[in-house]
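Colleague: Note that the working numbering has the sequence shown beginning at 527, numbered continuously upward.
Glycine included, C-beta positions come from ideal geometry on N, C-alpha and C.
Computed from a predicted model, the values in this text were never measured in an experiment.
This is the structure I have questions about; it appears just below.
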Amino acid sequence: MAKPNPRPDVRLDDAPMEPVTCETCQQQVEVRKSTWDQTSIQWHRDAMEGCVERRASNLEDGRFPGCSALRDSVRKAAVLGQVHIVSDLLDLKDGRA
Ligand SMILES: [Zn+2]
Numbered sequence: 527m528a529k530p531n532p533r534p535d536v537r538l539d540d541a542p543m544e545p546v547t548c549e550t551c552q553q554q555v556e557v558r559k560s561t562w563d564q565t566s567i568q569w570h571r572d573a574m575e576g577c578v579e580r581r582a583s584n585l586e587d588g589r590f591p592g593c594s595a596l597r598d599s600v601r602k603a604a605v606l607g608q609v610h611i612v613s614d615l616l617d618l619k620d621g622r623a
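Here is the structure:
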């Protein structure tokens, strides 16, 4: 008997990350937007060291809420189609996004 499949949709995790450069810090990170409201950001070491806001936050334990300038750059890249929205690519129309 076939059961409904409870697994999360892993297609979102399989999508490649795309490079985005922070317009303020000029640091490049890897970004994947699963939906318009969900963004994964992979920081590289040199980007972490070069990010103006990250340096300014001066947190010793490595916690960093995120660079607001970078967030704006990511949003802009998404609007311009430079970063793809995975759910759009998959054409998910079941309202989960
Ligand atoms: Zn930054």
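Taking 8 Å as the cut-off, is the CB of Leu616 close to at least one heavy atom of ligand 1?
Modeller: The count along the sequence shown starts at 1 and reaches residue 616 at position 90. Leu616 Cβ: outside cutoff for every heavy atom of ligand 1.
Colleague: Look at Glu575 and Val557 and say whether their C-beta atoms are less than 9 Å apart.
Modeller: Taking the first residue of the sequence shown as position 1, residue 575 is located at position 49. Taking the first residue of the sequence shown as position 1, residue 557 is located at position 31. Against a cut-off of 9 Å, the Cβ pair of Val557 and Glu575 comes out as no contact.
Colleague: What's the C-alpha gap between Ala623 and Gln552?
Modeller: Residue 623 sits at position 97 when you count from the first residue of the sequence shown. Residue 552 sits at position 26 when you count from the first residue of the sequence shown. For Ala623, the predicted structure reports a pLDDT of 46, less than 50, and the residue's modelled location is therefore unreliable. The matter cannot be settled from this model.
Colleague: Run the CB neighbour count on Arg571, radius 10 Å, all protein chains shown included, and call it buried at 16 or more, exposed below.
Modeller: On the sequence shown, position 45 is the one that residue 571 refers to. Under this definition Arg571 is an exposed residue.
Colleague: Could you check whether the Cβ of Glu556 sits closer than 8 Å to any heavy atom belonging to ligand 1?
Modeller: Here residue 556 refers to the residue found at position 30 of the sequence shown. No, the beta carbon of Glu556 sits no closer than 8 Å to any heavy atom of ligand 1.
Colleague: Which of the three DSSP states is assigned to Val609 in this structure?
Modeller: Start at 1 with the first residue of the sequence shown, and residue 609 comes out as number 83. Three-state DSSP puts Val609 in coil, outside helix and strand.
Colleague: Give me the pocket residues for ligand 1, defined as CB within less than 7 Å of any heavy atom, sorted by chain position.
Modeller: Cys548, Thr550, Cys551, Gln553, Cys577, Val578, Glu579, Arg580, Cys593, Ala595 and Leu596
Colleague: Check Ala623 in the structure and name its three-state DSSP category.
Modeller: Residue mapping note: residue 623 aligns to position 97 of the sequence shown, counting from 1. Because the pLDDT of Ala623 is 46, which lies under 50, any placement of that residue in the model is unreliable, and the number read from its coordinates should be weighed accordingly. It is coil, neither helix nor strand.
Colleague: Is DSSP giving Glu549 helix, strand or coil here?
Modeller: Numbered from 1 along the sequence shown, position 23 holds the residue referred to as residue 549. Coil at Glu549, not helix or strand.
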